Structures are given as C-alpha cells and as structure tokens.
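Protein chains in written order, with this note's numbering: chain A, 1 to 298; chain B, 1001 to 1358; chain C, 2001 to 2499.
Notes follow the structure.
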C-alpha cells in the first residue's frame, strides 16, 4: 500500500513538467505552429529560474524570470514561423541547441561552478501546499482549464480554427498572425513554468541539460493524445507512471520475467508514439495547417 | 513576400546571403560573450589560436571536422529529397554498435581488413536504423521529423542497455566496452604523415571521399537527379515517372549510412572502444553544417571545418579563459541554425532592394 | 467600384474596372477563366487591396483594407473554395470571428436561434451540430451562406457558386437567392455559366482580360450577346490547316472512371479514340474532369475502372499502378497544365528541366551518370529550334517568361516525335507571338502523323486547332462536334451543362 502511494506521488511529480510542456505543444500545434523547441524553452526556464532564485533568494522571482525567458524564445519561434514564414522544425531545433549551449555558457560565466547554478537553500525553492509541491496544483488545474478554453471560449474556437484552416479565420475578419503569436507566447510561458518546476522544485539548482529530453517526451504525449487535452494529459500520466515504475524496477527481479531492463521501460513512450504514427493502431491526424506558414497571395 | 522570389545575381544568393547570415549569428554570439563580461575579440583570438595555432591544433580541428562532414552530408542528402532527418544522432549511435562488434570480435585480424568491415558495418547499422522511419514516411505518411526524434530516444535506450548490461567489460563500473586490440585500432594519421599526434585518423580520408562521392551522386547521376526532383516537387516527380516513395527510402538509407561515418571516426578511429554518448550531439550539428553549406558538399566541407575549428577552439578557449565554457560553441551552432536556416531569407528583401534589377 | 487596378507581379489582373450594383438586385459578373472577376471581388471583400480606384457604398466612399472592414460594411463573400473548418461543427463555423463574446456558452443559444430564423426565412436548412467535413458540398455551401447572413450581410458575393454543385443543389441555391433578394439583400454572382446568368440575375456585367466590356439588363439581352461579349474578339484568322490524314487509332480510352481521395467521382465513363494525324480538343470549364483525364492518361494517376490502350498496343487497366515512365516508353508525351510545379522545376536550371521525364535516356550519359556537357549542348539545340529566349541553358527555369518556359517543355515533349501528345492549357499565360508559334508547332506535329489531345479552357484555341471537339462537363463527355459545326453558343451551352 505504502509502495503504491509513493509510486503515485512519484508519478505526479514527474508528470507536472510533462503536462505543462505537453499543453504548451498542444496549444502551439492546434494553432498551426509545429513546436519541437519545447525542450529548449523548458531548459531556458530551468536556467532562468535557478539563476534568479540563486541570486535573489526568491523562488517566485525565479518563476517570473523563467516565464520571461521561455516567453521570449516562444516569440522568437513565432517571428521565424509567422512573420518570416521560415521552417518551423529548423527554428525549433535551433532553439533547443542554442539554449543547451547558452545556459552552460552563462552559468559558467556568472557562477563559476562548471555551469551549474549554486545549490538553492530550502527557502529559495517552491514551498508545499496540501502536501504537494505548490506548482503541482496549477499544473493539474491546467488540464480542465485548457480543455475549457479550447472548447468553450471564442479564443479557443479561433485557435482551433487557425490551425485547421487559417484562410477561414482570415476571411472571418480575425488576424491569423495575432492568434498564432498568442499561441506561441502561451507555449513559451507554460514551458517556462515547467522549467522552473524542474530546477527549483524537483531539483535545487540548474545542471547541464537537466530537462533530459522531457520536451520531446511531451511532444510524444501530444501526438499520442491526438492533439486533444484529456488524452494528452492521460499520455503524460502514463509516461510519468512508466518513469516512476522504471526507477522502482531497477535491480528488482520480477517473477517469471526476471530483471526488467529499465531502459526498455523508458523507451516505451517513444515506441508507442511511432506505432501510433504508423497508423496501425488508430490514426493520429495533426491539425491540418500545422507546419505550413500562412501565405495569402495566390 | 515581394522580396522573397525576385531574382538576384547568383553570387548574392550563394555567397553574400549565407555570409551575411553567418555574420549575424556570430554578431549575436559576440554580444553573448559581452554579456558574460568578456571581450569577444579576445575570445575569437583565443579560439583561432586554439583551432589553427599549431600542428596539433589543426589535427584536432580536422578530427572534429570529420564528424561534421559525415553529419552534414547525412542531413544534406536527406534534404535533397525534401526530408528532414533529425535522427542522424541516433543512426550514428547505432552505427557505433556495428563498428564495435566488428572490432571486438575480429580484432585478431589485420587492421587493413578490419577497417573496411567496420566501415561497412557502420553504414549498414546506420542505414538499418534509418530504415523504419524511412519506410513509415514513404508508405504510411508518418512524419519523418517526429519518427526520427522518437528513434533517437529509442536508440539511446537500446545502446545504454546494451553497453551497461551486455557489452560492458567485466568487473568495471565505467559504462564502456573493453578497449580494442591490434586490428581494431585504427592508427592515427600521424603514423603515415609528418603530423603531430592527434586523434585525426584515416576516417578523415573516408569523409573526404564521401564528400566527393555524394557530390557525384547528387549532381552527376540519374539517381541524384531523380532525388532532387522529388525534393523540389513530388508532383513533378510523378509526372516524370519517378516513384517518390522509393527515392525517399533510398535517400534515408544513404543518409543513415553516412551518419555511420561518425561512429567509424569516433569508435574505431579515436576512442578505440564503445562508450555511452560517444556521438556527442554531432548528429544535430549536422543540421547546422548542412544548412550553412547549403546542402552542397563543398559548402558542407567549409562549414564542417568551421565547426571543427569552433569545437577545437572552444575547448582551448575554456582552457585559456576559465570563465568561458566550451559550450559557447553549442550556442553558436544554435544561432547558425536559426539565422541561416529559420531566418535564412530575412535579409533577402534588403538585398533585393540594394542589388535587384527592377 | 470605380477605376480599380490590380497587378500581381507582371500580370495586370484588373485594369480600370468600373462596376455599379443596384441595391436589392441580383447582379451577375461574367467572364472567361482569368478575366479578372475573382480578383475584383476579392478587392471588394478586402482580401486583396487595389493598386488604384475607389469603392462607394450608398454613395459614400469606403476604405476596405481587410476582410474586417468589408464585414463592417455588410459585405460578405461565399468563396469558390469554401472558407470552412472541416473538423468543426456548423455552429462553430458560423460564429467564428463573430462569437459575440469570450464565452461561447453564453452566446451560442442566441446563434442557434438566429440559425433557426434564417432557415425559416430563406429555406436555408442546416443542422447546427453536424461536422462540416461530413456534409455534402451543397450543404457546405449553405453553411457559407448562413455564415454570411449571420454576420449581417447586406451585400453577398458568390464566387462560382454552382461550380461544385449538382443540378439539384444548384436549383436549391437559386431558390435561396430568390428569397434573399425578396428580403432586400444585394447579391453579386460571379460565374462563367450563361444559363445561370439568364436564369437568376437582374443585371449583368461582362469582363474580359482584366477589363469591363459592358453592362446589360438581363431581360434585354440574350445568351448569344453575352457569349460574344465574353469571348470578345471575333476569332482570329484561322490557321492554314492541311486536311487531316486520319490514321490508325493511337490511343483508345474506354469507360475510364475515377474517384478522388474524398470519394467524389471525377471521371465518369470517359470513352474516345484518338487517331494518328488528328487533334482532338477537349473543351470545358476548368474543373470538370479535364485535369484528371490528363493525369489518368499520362500515368500520373491510377483509375478505378475502364481501360486505356497505348500506342504500342499495351493495355492499362484499373489495377495497374500509375507509371508515367512506362507511358513515355510507349510513345506518349505530355505537356502538363501546371507549368512551374509539374512541367519543369522552378529552382532547376533550364538544362535540368529539359530532361525531366527523360533523365533515364541513354543519350544523356553512360550508365547511371548524367553528362551535363552533352545535356547542355542538347538543351541549347532544343532552345534554338523552339526559339526559347534567352538562350541560356544554365538559367533557372523560373526566370523564363511563361511563353519561353512553355516552349522549352514543348520542345522536350515533341522532339522525340511521340505517337501521342497530351497537351494541357498550352498557351495559358503565353504572349500573342508565343501562342502563334506554339499553335503552328502543334499543327506541324499533327501533320507528321502524331495524335494530339488538346485540353484547353480557351475556346478560341480549341476552335483554331482541333479537328474534332469533345466537351466535358462534370467528369463526363457530354458532346462531340466538328469545328465547322461548333460555334461559341453551342459550345457554351454544352460546357455549361445546359444542352
């Protein structure tokens, strides 16, 4: 019983950044902007949060900085994808690689600890609320909220429409660019919060590439969730649960099976996503306009 | 985009514009160095010294450039077919397995026999790892960007398990295989040429040969022509009686095989054993190299040497200026991808205004 | 609208166009493909902005910079390609951009009521909860009209509204339009179908080649007069055509049908024989199956039923994969409709475009290699013989003018003396001199004994070149005529599905 409770608790902790980043990807892609830069934006958020919290001793200022840093990167992605009509995959990759190098460079120059930020004292980390880390609550609240905004507000309606057929939105007298910029900004902000959680709640400071591929995992969750809020949430929980199980399985001999290789459990989300994409089990249809810049000229 | 399509003299599109984009990326990198409180000029001088200042430095630069050439070619070949292969990293990683198996089991044989086998294994394993995403793209329409990302992570997991649980040298903690012996050791180029001892090895020659072969293949064969048609317009390919699906699969197999060159250079040429994470992100650097080199082998060569110099110079920079990190190079790489790739045409309207014939 | 000018790069789509529409009328705007009708309407709707000219509503000048301005002035447009989000419900599509507030739940009931009201007033029945993608085309169009009315349209523009409709659906549409007029709405209907104009409009304006050629009261004009205004110039001097020496059947098409990816039938039981030494012209309004016919014949697309007998006697059936290379080997050449994305490669040098489809030819190099020097000499020779200017085999294909690019494609496809040549829109975007050159070359090829299938939306071109004319409408061949018994009126009636 205790084992189960601790497993659930671990799942929740691991799920938080996945949910935040997953919804960032969801919002962006539903608006027609492919975002493989979730990883980089999260990492930027993690670094900013840890650096600012270390300097000011205030975790909330850190969160603010994380949101600002990742938000700016979201806008950079928007500038490439919306204004310049550049390649969205290239831009996302650029952001991931840029942040990976930038965070270490700035970290070393500012803190001289080999790229790490100084370890945070308890006061500079997120407090708990009702026995869980305080950010857990907004992350889980985000799920119904995101669903509600997408399906029950005008903004959500327009956002969904612009990812399917931007010309329909344009001829309805709504600015395609403004909607899409809003989407990339929201994606940036959510990634920032996810990064802050990783660096100043899960861990006590920044270390190299500490997001560890969770941005890509979130992307997989969006695909597996077929770009819909609750299924994406379910995929995030599933992935988090697998992770929690994998850690507990380390070195354990399971009856009948023997020792389960942890690495295989960790690869399950990626394999599942490929299988789904292959169209053998169900069909994952991305928003129709995702990845293509909106060009009005004939 | 009125300036987007207007004609310009070729030297603007193929020389001035890429250089201006590169300059922009380096300018931002300079500002970044300034932000760390250092002088960008001192940093540049230190890097240039570190990359080209001695025979040893040049050797290291070319050793890194070898990886960049393979990675850049892998990305470029796929690009010509309209495919974005983000999976070079994973393909190269799996290739390492092929190289290691050959070297571990056959290192009793002479090296001149083992080396070609290792090259073949690298190509085969890389192509094999690219085959599934290729097939899924060609036959099932699954987006290759997502599938190759997923395959990178599957490769990480598989290789970690193999190295930690299966191939690890008994009685040791470090996750790596035993060192290769005799025929599994690719000698450094310094054994044949009057060079300083560095990890630079015959894989560099293989990389140069690949540059030439890819150039021939893409621009002087019927297959390369067909591939470029598919990349430029799948509809025109159908019109011309070319089967896009077949070309897509073939191009991805070739791309994966080229990525395998990284494993040959690293595993057999430099490390002499298989260790976790030996690909070091070079597969991703290939994106920057290909974009900067405009997917042309000659451009890839120039870009690869530049990035090789950045890597080597960056390592030296970290040595000379303790507050500078060699990760600066990674940031520069990201900036280069951003400015020459995502924002590649941003400056073009300005050039059209300045040079365009109206 | 007065003095409207609009250019796209080198093309002047509208030149000093004037248009006056009376309130409460149904006004027809008619012209051939490319006459500038859609451009003019897109300017009125704010999708494009005019280079010059002004727009007045009820006498007051208005500025329409984007769709929002147009909507504010009560102008709504039903586009030829519907501006609907197929994955969303009818209701969501209708309220998009005019939700009334941030919370949908608070405003949707009112929208539902409005929809019911519109249904009652105009006979516009739509199920608000249906997913648009599941609806038939006619129902989707009703959604577009409902969407426009929901936004308070006063002036409703319909661009080629019946192009995609069945006759039954078109009749329903006309009933709706009549009801709208009865309620005082102003309707502009853009079309090239004379029958529709005569049936439902009060007044009509005719455009040709970017200019307005005249305005008529529908009751005081005739389809004949409008047809002549639309086609304009009395036909240019007929070419000196040698009488045909009809040979054996070069291409036999028997009962070919095909459906597109959405299951919509695009070709219906198309059958005809193409003889050596004749030009058969396929006349028809764009989008009636001509493109699909060319693709099926040229091996770009598989088909569902029927069979095609190739010049070498080989028979292609429904199970066979699309294989353009095999068709070429069988003596079939193809000048496609879409020049820059299919016929050649915009970013490739001319010499590279000059071997498209023939890149496996042994003449172009040993084994798997391509000998660019040889190809360049060959391209230069082709360019000389077909008067392609500038004579630069290394110039990017996109930089040639329309006529020169087309001549390069023709050169490539004609130089091997194919038994059958399929030609789609050979002179679209080609200047007068180029048209004449291309026409003479096509006739010369026919005189050498080739069979030519000519698909064109330019009636004049068909009348000038064809020895036999087939008319396509809605995926089927609806008429076969000889040029001397074909005049614009008869062709126009057939093309409009009226005969």
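Ideal Cβ placement from N, Cα and C applies to all residues, glycine included.
As the structure is a computational prediction, the values presented were derived from the model and not from experiment.
CA nearest to the CA of residue i, picked from the options
{"i": "residue 2374 of chain C", "options": "C/2354, C/2183, C/2209", "result": "C/2354"}
{"i": "residue 2447 of chain C", "options": "C/2419, C/2431, C/2430, C/2090", "result": "C/2419"}
{"i": "residue 2199 of chain C", "options": "C/2222, C/2214, C/2150, C/2185", "result": "C/2222"}
{"i": "residue 1154 of chain B", "options": "B/1255, B/1132, B/1268", "result": "B/1132"}
{"i": "residue 2139 of chain C", "options": "C/2078, C/2331, C/2260, C/2179", "result": "C/2078"}
{"i": "residue 1293 of chain B", "options": "B/1148, B/1245, B/1019, B/1254", "result": "B/1019"}
{"i": "residue 2018 of chain C", "options": "C/2304, C/2205, C/2228, C/2243", "result": "C/2205"}
{"i": "residue 2376 of chain C", "options": "C/2351, C/2388, C/2391", "result": "C/2351"}
{"i": "residue 2026 of chain C", "options": "C/2044, C/2476, C/2176", "result": "C/2176"}
{"i": "residue 2015 of chain C", "options": "C/2494, C/2213, C/2157, C/2466", "result": "C/2213"}
{"i": "residue 1206 of chain B", "options": "B/1108, B/1338, B/1118, B/1034", "result": "B/1118"}
{"i": "residue 2067 of chain C", "options": "A/144, A/134, A/171", "result": "A/171"}
{"i": "residue 201 of chain A", "options": "A/132, A/277, A/220, A/7", "result": "A/132"}
{"i": "residue 1070 of chain B", "options": "B/1320, B/1324, B/1284", "result": "B/1284"}
{"i": "residue 2030 of chain C", "options": "C/2215, C/2116, C/2097", "result": "C/2215"}
{"i": "residue 1289 of chain B", "options": "B/1308, B/1042, B/1147", "result": "B/1308"}
Nearest-angstrom Cβ-Cβ length linking residue i and residue j, presumed shorter than 8 Å
{"i": "residue 2194 of chain C", "j": "residue 154 of chain A", "result": "Their Cβ separation, rounded to whole angstroms, is 43 Å, which puts residue 2194 of chain C and residue 154 of chain A out of contact at 8 Å."}
{"i": "residue 2292 of chain C", "j": "residue 2451 of chain C", "result": "That belief does not hold up - the Cβ atoms of residue 2292 of chain C and residue 2451 of chain C are roughly 20 Å apart, past 8 Å."}
{"i": "residue 1150 of chain B", "j": "residue 211 of chain A", "result": "The Cβ separation is near 17 Å, so there is no contact."}
{"i": "residue 1127 of chain B", "j": "residue 1247 of chain B", "result": "At roughly 15 Å, the Cβ-Cβ gap does not stay under 8 Å, so residue 1127 of chain B and residue 1247 of chain B are not in contact."}
{"i": "residue 2335 of chain C", "j": "residue 2470 of chain C", "result": "Not confirmed; about 18 Å, so no contact."}
{"i": "residue 2076 of chain C", "j": "residue 2151 of chain C", "result": "6 Å"}
{"i": "residue 1273 of chain B", "j": "residue 1179 of chain B", "result": "5 Å"}
{"i": "residue 1195 of chain B", "j": "residue 91 of chain A", "result": "In fact, because the Cβ distance is near 40 Å, the residues do not count as touching under 8 Å."}
{"i": "residue 2128 of chain C", "j": "residue 2091 of chain C", "result": "4 Å"}
Close Cβ partners of residue i (< 7 Å) along its chain, the five nearest in sequence each way excluded
{"i": "residue 246 of chain A", "result": "262, 265, 266"}
{"i": "residue 161 of chain A", "result": "168, 169"}
{"i": "residue 2184 of chain C", "result": "2024"}
{"i": "residue 2147 of chain C", "result": "2093, 2094"}
{"i": "residue 284 of chain A", "result": "223, 226, 276, 277"}
{"i": "residue 59 of chain A", "result": "53, 124, 125, 126, 200"}
Same chain, Cβ closer than 6 Å to residue i, neighbours up to 5 away in sequence not counted
{"i": "residue 2405 of chain C", "result": "2339"}
{"i": "residue 2136 of chain C", "result": "none"}
{"i": "residue 21 of chain A", "result": "38, 42, 191, 194, 215, 218"}
{"i": "residue 2234 of chain C", "result": "Since pLDDT at residue 2234 of chain C reaches only 46, below the 50 mark, its modelled position is unreliable, and no value is offered."}
{"i": "residue 2440 of chain C", "result": "none"}
Sequence-distant residues of the same chain with beta carbon closer than 8 Å to residue i, five excluded per side
{"i": "residue 1159 of chain B", "result": "1093, 1094, 1096, 1097, 1276"}
{"i": "residue 1200 of chain B", "result": "1059, 1060, 1062, 1063, 1066, 1188, 1189, 1190"}
{"i": "residue 75 of chain A", "result": "181, 184, 185, 188"}
Whole-angstrom distance between residue j and residue i, CA atom to CA atom
{"i": "residue 2256 of chain C", "j": "residue 2266 of chain C", "result": "10 Å"}
{"i": "residue 2300 of chain C", "j": "residue 2421 of chain C", "result": "15 Å"}
{"i": "residue 2397 of chain C", "j": "residue 2345 of chain C", "result": "7 Å"}
{"i": "residue 1049 of chain B", "j": "residue 1310 of chain B", "result": "11 Å"}
{"i": "residue 14 of chain A", "j": "residue 232 of chain A", "result": "15 Å"}
{"i": "residue 2348 of chain C", "j": "residue 213 of chain A", "result": "39 Å"}
{"i": "residue 2192 of chain C", "j": "residue 173 of chain A", "result": "28 Å"}
{"i": "residue 2260 of chain C", "j": "residue 2479 of chain C", "result": "24 Å"}
{"i": "residue 1143 of chain B", "j": "residue 287 of chain A", "result": "13 Å"}
{"i": "residue 2102 of chain C", "j": "residue 149 of chain A", "result": "10 Å"}
Would you call the segment 2377-2386 of chain C and the segment 2401-2417 of chain C in contact, with 3 or more CB pairs under 8 Å?
Yes, since at least three Cβ pairs between the segment 2377-2386 of chain C and the segment 2401-2417 of chain C fall closer than 8 Å, the two stretches touch.
Assess, as a yes-or-no matter, whether the segment 1251-1270 of chain B is touched by the segment 1081-1091 of chain B under the definition of 3 or more beta carbon pairs within less than 8 Å.
Because the criterion of three Cβ pairs below 8 Å is met, the segment 1081-1091 of chain B and the segment 1251-1270 of chain B touch.
Is it the case that the segment 114-121 of chain A contacts the segment 1026-1045 of chain B, given that we only count it when at least three CB pairs across the two stretches are under 8 Å?
The segment 1026-1045 of chain B is not in contact with the segment 114-121 of chain A.
May I ask you to verify whether the segment 2108-2116 of chain C touches the segment 2158-2178 of chain C, counting CB pairs closer than 8 Å and requiring at least 3?
Not touching, per the Cβ criterion.
With three or more beta-carbon pairs closer than 8 Å as the criterion, would you say the segment 1328-1345 of chain B touches the segment 80-91 of chain A?
Two segments are said to touch when three or more pairs of C-beta atoms, one from each, lie closer than 8 Å; by this definition the segment 1328-1345 of chain B touches the segment 80-91 of chain A.
For the segment 1210-1219 of chain B and the segment 1296-1310 of chain B, state whether three or more C-beta atom pairs, one from each stretch, are separated by less than 8 Å.
In short, these stretches touch, since the Cβ pair count reaches three.
Evaluate the contact criterion for the segment 2240-2253 of chain C versus the segment 2302-2318 of chain C: three or more CB pairs, one atom per stretch, below 8 Å.
Yes, they touch.
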